[in-house]
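In my numbering, the protein residues as written are 28 to 270.
Worksheet: one structure, shown below.
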Amino acid sequence: MTDSVLDPSAGENQRFCYDVVAVGEDSSLYADLSHLVLGICNEIPAEEIVNITVAINGVAQEVVFGEGGNVELRIADSPDPPTGCPGLKFDFPLDKVYGMMRICFELTVAREVAGIDICLFGGNTTTEGLKICGPICEKQGGGSCPVVGYQRSTVCVPVTVTPFAHVGTPITNCCGEPIVTEGDVCPRNGGVCRFTISQEICVAVPVEFGARAVAGTPSVQCGEASNQNICADCTSADAAVSD
């Protein structure tokens, strides 16, 4: 989507550009592309779609947008006949081996961007189940009233310190000359010598505190309803949250 403008500035249109590149071979196993349908948000009216351009192999094509044109907005009640897919239809054939097409369009009202369906048609066959980034139905800044809640709290966590000691490899030193005695019995004290080693230690325990917030089930308390503008003195949604 090079040259796309997904997060437009004030006064700028949102722009979507797509490159369609042939990956087929010159055999009957592959078919030329007849047309494609981008499954954009079904709430986008035709008047919000502007500046549609199509270029095939670097050559700009004449675009006729509207019913019967080579670019049509097909709604769910009247989808593209061969594929059954609704969306923005681009009726431009493309060679299966050498074709390269770039399509672009702009929206005067910016939308959120996420995965949308795309349908391809060629050789009397429809390919579905494909996804590509595009405009979905939620508008940016869609009129919600964001609210930030704050809560002070004290967090406590119990910490248990368990000591350990790892015994290293013993080092044996010879003290004096060896003593050789007759007989095959060694004087012994049970075969085990015991002693203790103590060491004062100081343990630093790092603890990171934080919190996660989970929203519960929303509810609404209905107020006045009127055919007059009773929201004139309300704060706009964009200004509802301040630092």
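Even glycine gets a Cβ: it sits at the ideal position worked out from N, Cα and C.
Keep in mind the model is a prediction, meaning the values are calculated, not measured.
Counted as a single uninterrupted DSSP element, the stretch harbouring LYS123 is not any beta strand (DSSP E), since DSSP gives it neither H nor E.
Bounds of any beta strand (DSSP E) do not take in ASN97, whose DSSP letter is neither H nor E. Non-local beta-carbon contacts of VAL186 in its own chain, meaning distances under 6 Å to residues more than five positions away in sequence, involve VAL232 in chain order. The beta-bridge partner set that DSSP reports for ASP46 consists of ARG129. For THR152, the number of other beta carbons within 10 angstroms of its own is below 16, and it is reported as exposed.
Between the C-alpha atoms of LEU63 and LYS116 there is a straight-line separation of about 6 Å. Within the same chain, HIS62, VAL81, ILE83, GLN88, ASN97 and MET128 come within 7 Å of PHE119 by CB-CB distance, once the 5 residues on both sides are set aside.
Our two residues, PRO190 and THR199, have alpha carbons roughly 27 Å apart in a direct line.
Of all alpha-carbon atoms in ILE145, ARG42 and GLY237, the one lying nearest the alpha-carbon of CYS183 is that of GLY237. Of GLU251, ALA58, VAL247 and ASP260, the smallest CA-CA separation from GLY149 is found for ALA58. Selection GLU251, ALA252 and GLU70 evaluated against GLU139 yields GLU70 as nearest (Cα-Cα). Annotated three-state conformation of ALA73 is helix, per DSSP. Cβ-Cβ distances below 6 Å link CYS220 to nothing in the same chain once the five nearest sequence neighbours on each side are left out.
Residue state for VAL241 is assigned as coil, using DSSP reduced to three classes. Counting along the chain, no beta strand (DSSP E) covers CYS213, and no H or E run does either. Here GLY114 really is in contact with GLY66; their C-beta atoms are around 4 Å apart, less than 8 Å.
The Cβ-Cβ distance between ILE102 and PHE92 does not fall below 8 Å. In summary, PRO162 is buried, with 16 or more beta-carbon neighbours lying within 10 Å of its beta-carbon over all protein chains present.
In the structure shown, GLU165 adopts extended strand secondary structure according to DSSP, grouped into three states.
Of all alpha-carbon atoms in ALA242, ASP122, VAL188 and LYS123, the one lying nearest the alpha-carbon of VAL174 is that of ALA242.
Under DSSP, the beta-bridge partners assigned to VAL64 are LYS116 and CYS146. Looking at the DSSP output, ALA87 sits in a beta bridge with ALA82. Beta-bridge partners of THR153 (DSSP): PHE148.
According to DSSP, residue pairing for ILE159 in a beta bridge involves ILE143.
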